[in-house]
Amino acid sequence: MSTPPTLAHRIALALGPVVPAFSIRDALRSGLGALIGLGLVGVFVLAPTVDLRTGLFLIAPFGASSVLLFAVPNSPLAQPWSAVIGNSLAAVVGVACCLMIPDPALRIALAVGLTITATSLLRAVHPPAGAVAMTAAMSPDAVAELGFWFALVPVAAGTALLVLIAAIYAPLTGRRYPFRQFDAPNDQGTADPPAMERLGLSEAELTDILKRYRQSLNLGVEDLARLVGAAEIQAASHRVGPLTAADIMSTNLVTVAPDAPLTKVADLFRQHDFTALPVIQAEDKFLGVIFQIHLIRRGREDALRLERSFGAAMARLLDGGREAPVLAGEIMTAALPRATPDTPAGALLPMLAEGGHDAVPVLVRGRIVGIVTRTDLIAALARRSLAPDTGALPARDHSA
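Heads up, the sequence shown stops at 417 in the working numbering, and the numbers go up one at a time, no gaps.
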């Protein structure tokens, strides 16, 4: 039996960090986004009206807004409505208090309190809004000169520009902002929820859960659905048993070189009925994977670019007599999940359940030794469920 933690240990834990560790990549991505966002806001909104004597236009709350927009863009507190309406309303409240209440302590406290109440009622809670209201309430001389114009410039204009920059910056760095609504089309453009979010729970039920546990300011409904789905997949992985990628991967692979023309790629897809082909160099060095969808996308892009029909564009794309044929290395993708032979089968579940990839290459020191497709994994799990007491499944000797 483990020993209960001492009081000192509990206090130390309570005072320590609770935010999960940021990767260096995420930390740099967030910091660079704030640098770009505040830099552009300073150039286009603040620079013409900076007044170092009053400090009114040196909007410190924009720094706090940047933390939310660029570091935690999935937070409901960081969404456009919360940011723009929250900050703008706070500025109006702060200016009104400054014009009507002479006592500094009272007007500052009242401005912040009224801002919290008003933004809560309008579903526009944005923590930096409290600082916006406080900034206005602490600057009576400047407010007397500017009045409610302060709420428009720099507050509303600056916040809206920050939101616009965050919306452009997020997808360029692999994130999503604003967050996807629960009933928005999925990545395939259909109305079905993503596979990870098909929980059998309605949006109203998920919303009720967030309200019940007072988490509506921390999570969106779509985020909760994704987390519950991921938790279910993780729990399912515990029931898979000792299976690894080596047990279920296809090892007798059909591959292509990066300089193989697409005619050869298409012939291999047709001959073997594959959906994915690894691209390798000498000594099985892995470079990437070509999926069938890559051929379709390239054909569609050529059709639009050359103003031809899709069929004509595909025929041109796969024309073996072209002087400069399109090569496998030009359309392959290297940005996909990867595994090793020891990767548990349970860890492969989220790799194949999320994203647009239906195959995971299995690598050893950069060399491909196998590939696991969704079909491989489904077949292995089906056999496992029918024979739960058997040992590891033998590797199959055919390609993905």
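For every residue, glycine included, the Cβ atom is placed at its ideal position computed from N, Cα and C. Since the structure is predicted, the reported quantities are computational estimates derived from the model, not experimental observations.
Determine the direct distance from the alpha carbon of residue 61 to that of residue 374, and round the result to whole angstroms. 41 angstroms
Among the residues of its own chain, which have a CB less than 8 angstroms from the CB of residue 83, if the five just before and after it don't count? 50, 51, 54, 55 and 179
Assuming residue 160 and residue 107 make a contact with CB atoms under 8 angstroms, what is their CB distance in whole Å? Not confirmed; about 13 angstroms, so no contact.
Through-space distance from residue 345 to residue 397, alpha-carbon basis: 30 angstroms
Whether residue 304 touches residue 275 by CB criterion (8 angstroms): yes
Select from 267, 400, 119 and 105 the residue whose C-alpha is nearest the C-alpha of residue 146. 105
Is it buried or exposed for residue 91, if we count other Cβ within 10 angstroms and need 16 for buried? buried
Is the CB-CB distance between residue 240 and residue 308 below 8 angstroms? no
Please classify residue 47 as buried or exposed, where buried requires at least 16 other C-beta atoms within 10 Å of its C-beta. buried
Buried or exposed (CB count within 10 angstroms, at least 16 for buried), residue 393: buried
Rounded to the nearest angstrom, how far is the Cβ of residue 110 from that of residue 167, given a contact under 8 angstroms? Contact doesn't hold; Cβ gap of about 11 angstroms is too wide.
Reduced DSSP secondary structure (H/G/I, E/B, other) of residue 179: helix
Give me the DSSP bridge partner(s) of residue 356. 379
Which stretch, first to last residue, makes up the alpha helix (DSSP H) that contains residue 346? 345 to 348
Anticipated Cβ contact below 8 angstroms, residue 98 with residue 141, distance rounded: 6 angstroms
Run through DSSP, which three-state label would residue 217 get? coil
With burial defined as no fewer than 16 other Cβ atoms inside 10 Å of the residue's Cβ, what is the status of residue 326: buried or exposed? exposed
Collapsed DSSP secondary structure at residue 188 in the structure displayed: helix
Give me the Cβ distance between residue 388 and residue 312, rounded to the nearest whole Å; I'm assuming they're in contact under 8 angstroms. With 8 angstroms as the limit, residue 388 and residue 312 do not qualify as a contact, their Cβ atoms being about 18 angstroms apart.
Start and end of the alpha helix (DSSP H) containing residue 366? 362 to 370
Can you tell me the Cα-Cα spacing of residue 69 and residue 76, whole angstroms? The predicted position of residue 69 is uncertain, since its pLDDT is 40 and thus under 50; a value taken from the coordinates is nonetheless stated next. So the two alpha carbons sit approximately 11 angstroms from each other.
My understanding is that residue 335 touches residue 280, with C-beta atoms under 8 angstroms, so please give their C-beta distance in whole angstroms. 5 angstroms
Of all the options 315, 350 and 38, which has the alpha carbon lying nearest to the alpha carbon of residue 333? 315
Looking at the structure shown, is residue 196 part of a helix, part of a strand, or coil, going by DSSP? coil
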